[in-house]
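Written below as structure tokens is the structure these notes are about.
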Amino acid sequence: MPINTNFRLPPSMANVNPGLNPLIPSSPGGSADTGSMINQLVTTSVTFLSLAGSRAQNLQTSFTNLAGAFGSRVAHSSNSSRLEIRSFNAQNLQNTTVLINQVAVSQRNEGNPLNSNTVIEFDEDFDGVFKFEVEVNGNTHQLSFTVEGDLTHNGLQQHMLAAINGAGLGINATITTTESGVTGTLNLQSTTTGAGEDGQPGFAIRDVTGNAVAITGADTIARDGLDAIFSVNGGEQQTSATNDISLPGGLNVRLHTASTEPVTISSGNNVAPVRNNLHQMISDYNRLLDLARSNSGDRATRMLARDIENAARANRRDLESIGISFDRDGFLVVNDSRLNQAIENGNAERLLTGNGRLSRSFIGRLDRISNSVLRNPMRHVSPHVSRLPGFNAAMNAVNSNNRNNARQATPFSAYEQNDLMLNFFN
């Protein structure tokens, strides 16, 4: 097609910024021949429309992600040092109170403090074979060890420790010593909590041959095993052999200490995913607005920027109520402290989802604007540009990409070089 040498720029295109795309060279001395200027206008406008489509798609994706983030719920314990939330069913969880009268503990035996280096004297007929039995939950297990030569208190404690721990009976044997290391004590503790059956100890230890238990005092109960005792929502007391208990609503908790006041369990929005997705939505809003402003020499683009800004300004009061305000340049900024509070008290969810005012008026309007950019990109540049040579051919690829991306969720790209138009021209 021959170039029309009498072509003159329409007033609406006189201030188009050729620097919108770094691939477009500036004209030396601020002037260019008509053909070069037409190419610049075509390239600049097509680049703008493609970037606008990419950013509009990012904004729509952020709408979808934000709505999904409100489905993430979290349970709160009013005193996590006493009651810890382990897991819960977000759909069934209701406010619950738990009064903890007693936590479950394990049986602990503490032996005699003995001088570690003292040599034990035995009868002449003792053959050095020690046998003792451990009864656990009604089952008796016989253990033994043999020693030759002199045996110290510490040596005896070490033999018993090895025999008990090696048997895997659910009892953990340890030796505590004084700082000087002179005195040591053999201690036994059940690895499970809870009271024994029929009021009996959880485990018992007795000598069979020799007097290892008698010397070490390993049969001395320092603390009985206890069941947890608690009540839910003011109901009757319940017991549990463990501190990990299941409550109504698919709630699993762990008891840590007794309480004189009930611990309250409540549910609410998980702040982090909502906050992160809202930050992303505001970032995508600002990027689309910034792009529209950068091509403000075009009247149609100025109208796009105005529509984007108006969608936010018309909802200024509601946005500020959840911590979103305008900076001095008209872009949106987030106050995390106020946003967190709005998420926790449910105000953000009420406004941003379903028929909430921000869902309908702010997100709804931006969604329509984004759809217009994706489905009808030519509405957002001057009609004079569409008649320039080469414009339709360049736009075919953009229109195809925009149609494919319209209303499809795609990951946000943090890098400008991944935007559609830069790939198109590369």
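For reference, each letter of the sequence shown is one residue, going 3 to 428 in the working numbering.
All C-beta atoms, glycine included, are put in the ideal place defined by N, C-alpha and C.
Being a predicted model, the structure only gives us computed values, none of them experimental.
I'd like to confirm the pairing. Which residues does DSSP put opposite residue i in its beta bridges?
i    : result
D320 : Its beta-bridge partners do not exist; DSSP assigns none.
S248 : N254
D209 : F134
F147 : F132
F232 : I102 and Q240
I267 : S79 and T98
R110 : Q191 and R225
T185 : N117
S52  : S52 pairs with nothing; no bridge assigned.
T142 : E137
I87  : V255
V375 : DSSP, once it has assigned bridges, lists no residue as partnering V375.
Which residue comes first and which comes last in the alpha helix (DSSP H) that contains residue i?
i    : result
H382 : Note, H382: premise wrong, no alpha helix (DSSP H); not H, not E.
R330 : Note, R330: premise wrong, no alpha helix (DSSP H); not H, not E.
Q282 : V273 to S296
I345 : D338 to E346
T218 : A214 to T218
R352 : N349 to L354
When the distance is taken between beta carbons, is residue j closer than 8 Å to residue i?
i    : j    : result
L171 : T218 : no
A274 : I247 : no
L390 : A54  : no
T195 : N156 : no
N111 : A197 : no
L353 : L85  : no
T355 : F72  : yes
F147 : A169 : no
V107 : L228 : yes
V215 : N117 : no
Q109 : D226 : yes
I371 : I310 : yes
Q432 : I177 : It is not possible to answer for residue 432, since the shown part of the chain is limited to 3 through 428.
N297 : I324 : no
E199 : N271 : no
T222 : S80  : no
L376 : A58  : yes
N94  : G251 : yes
F90  : G212 : no
Q282 : N67  : yes
Need the endpoints of the beta strand (DSSP E) that residue i sits in, please.
i    : result
G157 : From DSSP, G157 is part of no beta strand (DSSP E) but of the alpha helix (DSSP H) over H155 to A169.
R75  : R75 to S79
N103 : T98 to Q104
T303 : Looking at the DSSP string, T303 is not in any beta strand (DSSP E); the run it does join, the alpha helix (DSSP H), is R301 to R315.
E123 : Run containing E123: none; DSSP gives neither H nor E here.
N174 : I173 to T179
L390 : L390 -> no beta strand (DSSP E), and no H or E assigned at all.
Which residues in the same chain as residue i place their Cβ atom closer than 6 Å to its Cβ, once the five residues preceding and following it in sequence are excluded?
i    : result
L306 : A294 and H382
T193 : G172 and N174
H78  : S268
D320 : L353, R359 and L360
T241 : D229 and I231
V76  : N272
Leaving out the 5 sequence neighbours to the left and right, which residues in its chain are closer than 7 Å to residue i when beta-carbon positions are compared?
i    : result
D369 : Q62 and F65
M144 : Residue identity check: residue 144 is Gln in the sequence provided, not Met. These residues qualify, in order along the chain: K133, E135 and V210.
R277 : D338, L341, N342 and I345
A224 : R110, N111 and E112
Here's a check: name, in chain order, each residue in its chain whose Cβ is nearer than 8 Å to the Cβ of residue i, leaving out the five neighbours to either side.
i    : result
Q239 : N103, I231, F232 and S233
R88  : D246, N254, V255 and R256
F333 : N288, L291 and D292
L249 : T98, V100, V234, V255 and I267
Would you verify that the beta carbon of residue i is, or is not, closer than 8 Å to some beta carbon of chain B?
i    : result
D309 : Protein chains in the displayed structure number just one, and chain B is not present.
*asked:* Check whether the region 99-108 and the region 258-265 touch, using three or more Cβ-Cβ pairs below 8 Å as the test.
replied: A contact between stretches requires three or more CB pairs, one per stretch, nearer than 8 Å, and the region 99-108 meets this requirement with the region 258-265.
*Contact between the region 332-348 and the region 358-376: three or more CB pairs below 8 Å?*
Touching, no, given that fewer than three Cβ pairs across the two stretches are closer than 8 Å.
*At a cut of 8 Å, does the region 112-131 reach the region 226-237 through at least three beta carbon pairs?*
In short, these stretches do not touch, since the Cβ pair count stays below three.
*When the Cβ atoms of the region 134-147 are set against those of the region 283-290, are three or more pairs found closer than 8 Å?*
Contact between the region 134-147 and the region 283-290 is absent, because fewer than three Cβ pairs lie under 8 Å.
*So does the region 374-384 actually touch the region 46-56, counting three or more Cβ pairs closer than 8 Å?*
Yes, they touch.
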